[in-house]
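Numbering (this note's numbering), first residue to last: 1 to 259. So the structure is just underneath, and the comments pick up after that.
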Amino acid sequence: MKKIYLLLGLILFNCSSDPTETNETLPEPLVRNFNYFFMHAPNNIMPSSNSLVILHFDSNNYLISRIGGFSPLAPATGFSYAFDTEIVFNFTYLDKEVVVERVPDVQSPLNKKTTFIFNDENKLAQKIVENPDPVMTFYTYNSFGKISNSIINLDLFSYSKSEYYYNTLKNIDSIVTKNYQFDTQLSKTVEVFSDYDTAENPMKKLVFFEDTFYRTLSENNYAKYEKFRYSFSGNLVEYNEKVWDLQYDENGNIIFGEQ
């Protein structure tokens, strides 16, 4: 298939020109780096002096790679993951598809080859994660262009359905996910997002990474995240909370990395 750059440009930067044909460049990226601490990174990461994820762009401001990911650690270390700047995610653009591959290729959450398929409106329609067996996610949208539902086919017998709810400012309010085996609901998870600011969200085009995906859903930036997991019988069996002390520059723009 013909390699193109138009698709990602439309998704990331709301530009309708193809620089491979017009020699035009896209606007400067909203973010060129971010601290994983402010995202939905895995739990129990080994402390490190470096927590900065670097995004590389070509001369036309198209995202071509991410530097920094998470590698699993042996249980004896006392930590589950380490942040590793040797991990690189490379982008390949095809007709209506974007393929993101991790180098080196080690099986780990957030570190797998993923194919993103877009519809005719250049919205994410399907995500295929090699696990190594493919795990497929399908997305649908509401009337104002935000994701409203997703279905994940985990295997031949198991799947999950998520419903996305937004407030009046088009910020994600909650996500309710129900897990099924055949047609029997096994559990339910409710994720709640709150304490929003009024600053522009610079992350809302980075749909390609698991740790940034939730932040892409809103117009502004949340400072609190809660996760409630319920059993088959409806009892609360797990609760997690993350609270961030968000930082801003003198103009009121949020700072997720280094300027």
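The C-beta atom is built at its ideal place from N, Cα and C for all residues, glycine as well.
At the level of alpha carbons, what is the spacing between residue i and residue j?
i	j	result
Q171	K146	In the sequence on display, residue 171 carries Asn and not Gln. Between N171 and K146, the C-alpha separation is close to 9 Å.
T212	Y225	13 Å
F34	L52	6 Å
N220	M39	14 Å
N253	S218	15 Å
K161	V176	8 Å
Q259	F193	26 Å
D173	F79	31 Å
N44	I67	20 Å
V31	D183	42 Å
T77	Y36	21 Å
S48	D120	43 Å
Here's a check: name, in chain order, each residue in its chain whose Cβ is nearer than 6 Å to the Cβ of residue i, leaving out the five neighbours to either side.
i	result
L113	It should be noted that the sequence gives Lys, not Leu, for residue 113. Around K113: E101 and E130.
I128	T115, P134 and M136
F138	Q126 and I151
A41	D211
F208	V100
Y196	N171, N220 and Y222
P167	Checking the sequence shown, residue 167 turns out to be Asn, not Pro. Once the five neighbours on either side are set aside, the close Cβ partners of N167 are D173.
N240	K227
My assumption, with CB atoms under 8 Å, is that residue i sits in contact with residue j. Please give the rounded CB distance.
i	j	result
N61	P27	7 Å
A223	V243	7 Å
P75	Y81	Incorrect: roughly 12 Å between the Cβ atoms, too far for contact.
S65	F83	Going by Cβ atoms, the distance from S65 to F83 rounds to 17 Å, so no, they are not a contact pair.
Below 8 Å CB to CB, which residues in the same chain sit around residue i once its five sequence neighbours on both sides are set aside?
i	result
E86	P104
In chain order, what residues of the same chain lie with their CB nearer than 7 Å to the CB of residue i, ignoring the 5 residues before and after it?
i	result
I255	Q247, Y248 and D249
S187	N179, R229, Y230, S231 and F232
N23	The predicted model places N23 with a pLDDT of 46, which falls under 50 and marks its position as unreliable; any figure quoted below should be read in that light. Closer than 7 Å at the Cβ level, and outside the excluded window around N23, lies no residue.
L124	F116, F118, Y139 and V207
Y141	K123, I147 and S148
Considering only heavy atoms of the ligand SAM, does any lie closer than 6 Å to the CB of residue i?
i	result
K123	The ligand content of the structure shown is nil, which means the ligand SAM is not present either.
Tell me whether the beta-carbon of residue i lies closer than 7 Å to the beta-carbon of residue j.
i	j	result
Y164	S143	no
K204	T216	yes
Checklist entry - Do three or more CB pairs link the region 148 to 161 to the region 196 to 211 at distances below 8 Å? => result no
Next on the checklist: So, does the region 56 to 67 touch the region 228 to 239, judging by three or more C-beta pairs under 8 Å?
Outcome noted: Using a C-beta cut-off of 8 Å, the region 56 to 67 makes no contact with the region 228 to 239, since fewer than three inter-stretch Cβ pairs fall below that distance.
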